[in-house]
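> Quick one: structure below, then a few questions.
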Amino acid sequence: MNRGAVILLSICVLFASASAGEEGQVLREVSFATADGGRVFGNLYDKGDHAVVLAHGAVFDKESWQPLAEVLAESGLTVLAIDFRGYGKSEPGSRPKAFKEDVLAAVRYLHQAGSETVSVIGGSMGGTAAARAAMEAAPGEIDRLILLAPGPLERAAEIKAAHTLFVVANGDRLLPAVEQSYAKTPEPKRLEILEGDAHAQHIFKTEQGAGLTGILLADLTGGTQPDQP
Numbered sequence: 011m012n013r014g015a016v017i018l019l020s021i022c023v024l025f026a027s028a029s030a031g032e033e034g035q036v037l038r039e040v041s042f043a044t045a046d047g048g049r050v051f052g053n054l055y056d057k058g059d060h061a062v063v064l065a066h067g068a069v070f071d072k073e074s075w076q077p078l079a080e081v082l083a084e085s086g087l088t089v090l091a092i093d094f095r096g097y098g099k100s101e102p103g104s105r106p107k108a109f110k111e112d113v114l115a116a117v118r119y120l121h122q123a124g125s126e127t128v129s130v131i132g133g134s135m136g137g138t139a140a141a142r143a144a145m146e147a148a149p150g151e152i153d154r155l156i157l158l159a160p161g162p163l164e165r166a167a168e169i170k171a172a173h174t175l176f177v178v179a180n181g182d183r184l185l186p187a188v189e190q191s192y193a194k195t196p197e198p199k200r201l202e203i204l205e206g207d208a209h210a211q212h213i214f215k216t217e218q219g220a221g222l223t224g225i226l227l228a229d230l231t232g233g234t235q236p237d238q239p
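This is the structure in structure tokens:
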């Protein structure tokens, strides 16, 4: 069995143990204020020094990240899946559509809680918010930035992250915009184009879902990604 197959098998085992509610999985709801006076609620899986913020798309919420959050937590990462303002119990501040403030607040909450390294994964609307947060963040605040089919990013050249990964399906209508944003984004960076036409978090529901999980896990942990099906 090659290394890629071993990693993919490990991911399947992690999915199985997470769905079975393996002991040691610590999940609690937390909340914190945003800079513009809002309040964000999130699901926190508190595991390790490297933390990851999960920022959902427009038709999703923080619960939609549960399968991925459990896999990442089982690999030793602290994971915070947030509800954007106007979703769940999260409340808007003075700027109702300033979703980037929710991401920045989550990143700073994790740093203040003791996480030495904080990365962000955002899907679609959440990817756009994550990218805009990385434009406003102080150097070093956001480590790895993973954007699943974000909207157009006119200021992509201002992204400040240790590494930026763009992921998009080759049939996604946003592919040209993603490629343009990728071209403007500072190095180091990487673009992954997957088969299919599923958009952002919807990819997890397709046959590309396990491969996407492997790509994200490898990017966050420095491992080798599995072979694509």
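Heads up: the sequence shown is residues 11 to 239, going by this note's numbering. We put the beta carbon where it would ideally sit given N, CA and C, even for glycine.
With which residues is T174 paired in a DSSP beta bridge?
L155, K199
> Mind the definition here: the segment 115 to 126 touches the segment 37 to 49 only if three or more C-beta pairs lie below 8 Å; say whether that holds.
Yes, the segment 115 to 126 touches the segment 37 to 49.
> Rounded to whole angstroms, what's the CA-CA distance from L226 to A210? Just pull it up for me.
13 Å
> How would you label D153, buried or exposed, when you count the other beta carbons within 10 angstroms and need 16 or more for buried?
buried
> Of the residues G219, P162, I156, which one's Cα is nearest the Cα of R200?
I156
> Whose CA, out of A91, A68, G67, lies closest to the CA of L78?
A91
> Would you check if the distance between the CB atom of G181 and the CB atom of L158 is smaller than 8 Å?
no
> Who are the near neighbours of T231 in its chain, counting only those whose CB is closer than 7 Å to its CB and skipping five residues on each side?
S85
> If I measure Cβ to Cβ from T127 and keep anything under 8 Å in the same chain, skipping five residues before and after, which residues do I get?
Result list for T127: D59, H60, A61, D153, in chain order.
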